[in-house]
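Protein chains in written order, with this note's numbering: chain U, 26 to 128; chain A, 6 to 586; chain R, -4 to 496. Every residue, glycine too, gets a C-beta built ideally from N, C-alpha and C.
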Amino acid sequence: MSLAPLQIAVLGVIGLLGAGFYGLLAGRNLIKIVVALQVLVKGALLGLVAAGSVKGQVALGESLAVTVIVADTIVAVMGIALGVQIRRRVGTLDVKELSKLRG
Amino acid sequence: MLQVCLLAILGLPWLGAAVIWLAGDRRPDRLHRLAVAFSAAGGLAALGLLPQATDEVALRLSLGGVFGDFTLVPDGLGVLVAAIASVIGCLAIVFATDYMQHGHQLARFYSLTLLFIGAMAGLALSGSLLLTFLFWEITALCSYALISFHNDDPRAVAGGLKALVMTQVGGIGLLVGALLAYAWLGDYQISTFLARAGSLPEGVLGLIAFGFLLAAAAKSAQVPLHSWLPDAMEAPTPVTALIHAATMVNAGVYLLARFYPAFSSVPHWRLAVMVVGALSALLAGLMALACGDIKRVLAYSTISQLGFMVYAVGSGALFASQFHLLSHAIFKALLFLAAGALITALGTRDLCQMGGLGRRMPFVRTVFVIGACGLVGLPLANGFFSKDLILEGGLEGGPAWLYAGMLVSVGLTAAYSLRLVGLVFGGERRGPDPAHDARPAMRLALALLAFGTLSSWLLAGPLGRMLAGTLPAHSLEAVGTWRLVGAILAHPATWGTLAVVALGFALWAGRRAFTRLARALAPLLEGGLGFEWLNRQIVDQTRRLAALVQRSQTGQLNWNAAAILAGLLAAAAVLLAGGRP
Amino acid sequence: MSSLPAFVWMILVPLLAAPLVYLAGRLDRRSGLARWPYGLTVLALAAAWGAFVPAAASLARGAAPAFRLGAVSLQLDGLGLLLAAVALSLGLCVALYSGPYLQGEPGQEKFYALLLLMIAMIVGLGCATDLFNLWVWFEAMAVSSYLLVAFYCQQPASLEAGFKYLVQSAAGSALVVAGIALVFGVSGTLDLAAIGAAAGPTPAYLAAGVLFLVGFGVKAALVPLHTWLPDAHSQAPSGISAMLSGVVIEAGLVALLRVVGALLEVSPSWPVLLAGFGALNMLAGNLLALRQTQVKRLLAYSSVAHIGYMLLGLAITFASGEPLGAQGSLFHLVNHGLMKGLAFLAAGGLLYGLYIAAGDHGPLQVADLAGASRHYPLAALALSLAVLGLGGLPPLAGFMSKWQIFVAGFQSGDPWLMALVVFAAANSALSLAYYAPLINAMYRLEPSARVAGGRRLPKVLGLPLVGLGLAVVVLGVWPGLLDWLTGPAAGAVLSSLGGSF
Chain U
26 MSLAPLQIAV
36 LGVIGLLGAG
46 FYGLLAGRNL
56 IKIVVALQVL
66 VKGALLGLVA
76 AGSVKGQVAL
86 GESLAVTVIV
96 ADTIVAVMGI
106 ALGVQIRRRV
116 GTLDVKELSK
126 LRG
Chain A
6 MLQVCLLAIL
16 GLPWLGAAVI
26 WLAGDRRPDR
36 LHRLAVAFSA
46 AGGLAALGLL
56 PQATDEVALR
66 LSLGGVFGDF
76 TLVPDGLGVL
86 VAAIASVIGC
96 LAIVFATDYM
106 QHGHQLARFY
116 SLTLLFIGAM
126 AGLALSGSLL
136 LTFLFWEITA
146 LCSYALISFH
156 NDDPRAVAGG
166 LKALVMTQVG
176 GIGLLVGALL
186 AYAWLGDYQI
196 STFLARAGSL
206 PEGVLGLIAF
216 GFLLAAAAKS
226 AQVPLHSWLP
236 DAMEAPTPVT
246 ALIHAATMVN
256 AGVYLLARFY
266 PAFSSVPHWR
276 LAVMVVGALS
286 ALLAGLMALA
296 CGDIKRVLAY
306 STISQLGFMV
316 YAVGSGALFA
326 SQFHLLSHAI
336 FKALLFLAAG
346 ALITALGTRD
356 LCQMGGLGRR
366 MPFVRTVFVI
376 GACGLVGLPL
386 ANGFFSKDLI
396 LEGGLEGGPA
406 WLYAGMLVSV
416 GLTAAYSLRL
426 VGLVFGGERR
436 GPDPAHDARP
446 AMRLALALLA
456 FGTLSSWLLA
466 GPLGRMLAGT
476 LPAHSLEAVG
486 TWRLVGAILA
496 HPATWGTLAV
506 VALGFALWAG
516 RRAFTRLARA
526 LAPLLEGGLG
536 FEWLNRQIVD
546 QTRRLAALVQ
556 RSQTGQLNWN
566 AAAILAGLLA
576 AAAVLLAGGR
586 P
Chain R
-4 MSSLPAFVWM
6 ILVPLLAAPL
16 VYLAGRLDRR
26 SGLARWPYGL
36 TVLALAAAWG
46 AFVPAAASLA
56 RGAAPAFRLG
66 AVSLQLDGLG
76 LLLAAVALSL
86 GLCVALYSGP
96 YLQGEPGQEK
106 FYALLLLMIA
116 MIVGLGCATD
126 LFNLWVWFEA
136 MAVSSYLLVA
146 FYCQQPASLE
156 AGFKYLVQSA
166 AGSALVVAGI
176 ALVFGVSGTL
186 DLAAIGAAAG
196 PTPAYLAAGV
206 LFLVGFGVKA
216 ALVPLHTWLP
226 DAHSQAPSGI
236 SAMLSGVVIE
246 AGLVALLRVV
256 GALLEVSPSW
266 PVLLAGFGAL
276 NMLAGNLLAL
286 RQTQVKRLLA
296 YSSVAHIGYM
306 LLGLAITFAS
316 GEPLGAQGSL
326 FHLVNHGLMK
336 GLAFLAAGGL
346 LYGLYIAAGD
356 HGPLQVADLA
366 GASRHYPLAA
376 LALSLAVLGL
386 GGLPPLAGFM
396 SKWQIFVAGF
406 QSGDPWLMAL
416 VVFAAANSAL
426 SLAYYAPLIN
436 AMYRLEPSAR
446 VAGGRRLPKV
456 LGLPLVGLGL
466 AVVVLGVWPG
476 LLDWLTGPAA
486 GAVLSSLGGS
496 F
């Protein structure tokens, strides 16, 4: 039974990664895309913490996770900031509209 | 002394190129003088090198690693081609001082021409396969840049690009050959390769041999890679005479001759070379008959004559091929430069607007006819002796049916040459009168080349001695000029050839009898016998593929994310399929 | 402080200079030239070069300089030194160039600070020895580049490019973190060497390998993960385009190389995968570049193609265990940095003269180049040299590195690799079909309307062009000049592959 939490963690990682990618594929709103990115990273984070606990290096796993959170937050903030600018300059938050650069 | 000459042949033109580029376009007269000075110095150095030919490495620069040693080996073959490049390069530049008198961007013109002269000499003298490839590519680069020298003309741009890409595709053959040789022998030196070619596995040697044939066909504009040369006629005419008649296009023949001893034992290689040469000679001769642009006629004639040389190499008549290379370089440069004088005076290349120029431009007429005699191979002109040597060699070393094909090409040469001379100089005047006969600098270059056309065959003996003495791997025999001339005149084939020439003349003179045939064939010939269609297809299909790929780049973020996912799955599939190590 | 190894200063100097530059810029807001940030940046990069020399010397002596502070561990090896050399040389050129280029733009202090930060992160990335450190440097490099891409934050196209770049790059980065979690969970260590010793063909390692390949592959622009690249590289300020194409995607490649090297034992398919991506990159990059009408977008696609050559060289080493392929590939990395840097800076110079100086942010079209050689002789010559080098014509640097890769392919004796070399050579010929028209356009007599009304280029703009142009020619004539750099770097790649050969 000691494996059960690990299995839950693995399922959680896969589920979060899948959900994140689904969001990237299907999301039409810029903000939703950034949220999907967050979900994606959270899946990876869960994996890091779980890996730390499996190997008995909880502290290391969590410190890695904290570092990832910091970096990830910066990215999210930048993404939202760009989204705000795009709303202001292009006038839309629809990613379908955001395809002037192609080919 | 030898080293000084070598460095001068390569270095002076390149130094000149740099100096002229930096000098800029501000003072054209100074540019003319600089270009002539540098090219003349290079030409003199090349002439000085002629008596010093040797099969030893004269200069060595070690680059280390996989780049090996860069060596220069001034053997007979190399010195001959280098001298042709430097001397005719100098004459072309002298001619250009008049031809380009009112041209723009002179600095670029002279720089690239000088860069080419140096590179061509380097290509001939190189003793290392990598260095050969390097110079091979530099000459292609110069050729491209000079074909599209008039960048404002879309045809010039297209022609340059076509030449560049086609010779590059052919260059892959040389690349593969050089890489294979290095991978198996661990050395780039040509001498090593010639000495140890027998130790290579049969398949590898075959690949190298046919790779080199591909490269040579592209560079020397042989069927089926010939179609860039007629389009290269957009280049300024002195450049055409230099690069696309007298020197660069010889590089393929040179390459085949240089490596002949290693490849002659490869199954089918000799026959393949002979077939490529004979086909080129024949088809290009036909196309020359139907062409209405004076420079394009000469271009087809160049393809045809190069076909003679390639055929000669294939049949083992190496001396004949190099002898004809010399003759052809001289008389074809003469013909192109004379055409250049016509073009500047008339402002057109269209044969329909020429005619009746014989009396108005007597000097050009005289030299042009001398050049045409060389081309046809009439006695006393250099082409007579060299072409007959090729045919005799072919009769001995090749199958009879190919020899018959070559005889037809000889007849075609006579026919299209007569047609060309007739259309330009004979008959009625069909356009505005020429502004002037050839200008002084043009005359100087033309006169020297005309003299060469009539006399260069006297060099047969010394040339043979030089080649035989410095090319140990080629096992050539030296024969004195007069013994050679005697042998040619005594050979029955010579008289047969002359009869075919007369037949060719008669063919053109009696052309009315074939009107219907000519009308049926004309569209086919003007369309380049389907080769143009093939080229266009390749280009169009590549474009279509590119457009297809472009459509997949939607620029939509969702699709981009999907591509990441697809990449993930594909990579996983490949790694899984690999199994366990 | 004096006990710090020299190579750490290569990271520390730009890192510490970045906030100073920003502060100096905030305090000195009056002049449009942003003199202080500009001068400080150039100075800082010059100082970093001062640290490079002793670092290289100590490496040449056979030392293995290392540094450890808490969880941060750094070690300089040949590969790290090579990346540092490219980043610092291109960085200095770009910094010099950007002064006049950005004159009058708002937010220059941010530009310089982020540029310094990015360079520091790239150098650090090259020296990382453990997986997580590698990711941190990598992520920090990416973060500093997002804002640089969207530097023209008034322009819709820049914003679009920046946002797409951010999302795709962050998605790749998340995959890398997931891979790290997997490896950490299985092996319990993050040290690359220890992972290399522990890794075996288990599903967990295999999955981690795929995640790393794709995660870092997004940054290294493996086709089909490259879709952000043409947007970002064409919309960024030209100096940043040069950095992105010349160093940043190569940094992604180096990160990929480090990790794949450690996971070599996981699957025998690595060479196939690398060669496959290489072929795909060459073909797709060239075909797409063939269709472009915008100069910078064309150059961006050409970078996709050139990553293909580097992958081919690496695949050869992975397959044969001989260092030559990797050496050629890394030599090509350096040369590509120089040539593509030169191309982007020269194109940027023309963009500046024809558009930006007039306050216009439109893209530079190929048709605009017509007649550029008469008004901008230096920029035209520089761009010509760069694209000819990229097309692989001698005697320019690109030819020599391609040749080295090709020789390695043939020496491996593997018919598939030889066929790929032939394919690569054919691709070079194809690439000339889009490089050459650029030159044809520039050397036309008849100027385009833009060129006829173009502004003069500031002198300082020409300085990096001359430097890079000379380097491209000199390396083409004397390729052995960089053996001291590429040899040890290839050795480092080989030793990262472990004792499996």
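- Quick one: what does DSSP say residue 118/A is sitting in, helix, strand or coil? helix
- Compare the beta carbon distance of residue 402/R and residue 181/A with 8 Å and say whether it is the shorter of the two. no
- Query: Who are the neighbours of residue 401/R on chain A, taking C-beta pairs under 8 Å?
  - Reply: 180 and 184
- Return the chain-ordered ranges of every alpha helix (DSSP H) run that is complete within the segment 285 to 329 of chain A and spans a minimum of 4 residues. 299 to 319
- Are there 16 or more other CB atoms within 10 angstroms of the CB of residue 30/U, so buried, or fewer, so exposed? exposed
- Message: Looking at residue 334/R: is its Cβ nearer than 8 Å to the Cβ of residue 246/R?
- Response: no
- Does the Cβ of residue 424/A have 16 or more other Cβ atoms within 10 Å, making it buried, or fewer, making it exposed? buried
- Task: Report the three-state DSSP secondary structure of residue 190/A (helix, strand or coil).
- Result: helix
- Message: Classify residue 103/A: buried if its beta carbon has 16 or more other beta carbons within 10 angstroms, exposed otherwise.
- Response: buried
- Step through the CB atoms of chain R and report whether any lies within less than 8 Å of the CB of residue 153/A. yes
- Where residue 64/A sits in the DSSP three-state scheme: strand
- Task: Check residue 577/A in the structure and name its three-state DSSP category.
- Result: helix
- If I'm right that residue 323/R touches residue 303/R with Cβ under 8 Å, what's the distance once you round it to whole angstroms? Wrong, their Cβ atoms sit about 13 Å apart, outside the cutoff.
- Between residue 394/R and the rest of its own chain, which residues show a CB-CB distance below 8 Å, the 5 nearest in sequence each way excluded? 384, 387, 388 and 471
- Message: Just to confirm before moving on: does the CB-CB distance between residue 206/R and residue 568/A stay below 8 Å?
- Response: no
- Query: Which residues of chain A have a Cβ atom closer than 9 Å to the Cβ of residue 286/R, listed in chain order?
  - Reply: 548, 551, 552, 554 and 555
- Query: Any chance the CB of residue 283/A is under 7 Å from a heavy atom of the ligand ZN?
  - Reply: No copy of the ligand ZN occurs in the structure displayed, which carries no ligand at all.
- If you draw a straight line from the alpha carbon of residue 288/R to that of residue 92/R, how long is it in whole angstroms? 25 Å
- Message: What does the alpha-carbon distance come out to for the pair residue 286/A and residue 124/A?
- Response: 28 Å
- Message: Relative to the C-alpha of residue 38/U, which candidate in 125/U, 65/U, 115/U and 97/U has its C-alpha closest?
- Response: 65/U
- Message: Does any residue of chain A have a CB that is nearer than 8 Å to the CB of residue 220/R?
- Response: yes
- Message: Taking CB distances under 8 Å as the criterion, tell me whether residue 120/U reaches chain A.
- Response: yes
- Quick one, are the C-beta atoms of residue 127/R and residue 89/U less than 8 Å apart? yes
- Message: So, does the segment 74 to 93 of chain A touch the segment 205 to 225 of chain A, judging by three or more C-beta pairs under 8 Å?
- Response: no
- Can residue 55/U and residue 158/R be called in contact, C-beta distance under 8 Å? yes
- Quick one: using the 10 Å Cβ neighbour count with 16 as the cut-off for buried, is residue 125/U buried or exposed? exposed
- Query: So who's on the other strand from residue 53/R, going by DSSP bridges?
  - Reply: According to DSSP, which records beta bridges pairwise, residue 53/R is partnered with nothing at all.
- Query: Who are the neighbours of residue 151/R on chain U, taking C-beta pairs under 8 Å?
  - Reply: 111, 114, 115 and 125
- Minimum Cβ-Cβ distance from residue 298/A to chain R less than 8 Å: no
- Message: Residues of the segment 102 to 116 of chain A in Cβ contact with chain R at a cutoff of 9 Å, in chain order, please.
- Response: 109, 110 and 113
- Query: For chain A, is any of its Cβ atoms less than 8 Å away from the one on residue 128/U?
  - Reply: yes
- Taking the beta strand (DSSP E) that residue 77/A falls in, what are its first and last residues? 74 to 77
- Message: So if DSSP puts residue 63/R in a beta bridge, which residue, or which two residues, is it bridged to?
- Response: 68/R
- What do you reckon, are the CB atoms on residue 88/R and residue 328/R nearer than 8 Å? no
- Message: Given a cut-off of 8 Å on the beta-carbon distance, is the pair residue 428/R and residue 166/A in contact?
- Response: yes
- Query: Between which two residues does the alpha helix (DSSP H) harbouring residue 136/R extend?
  - Reply: 126 to 144
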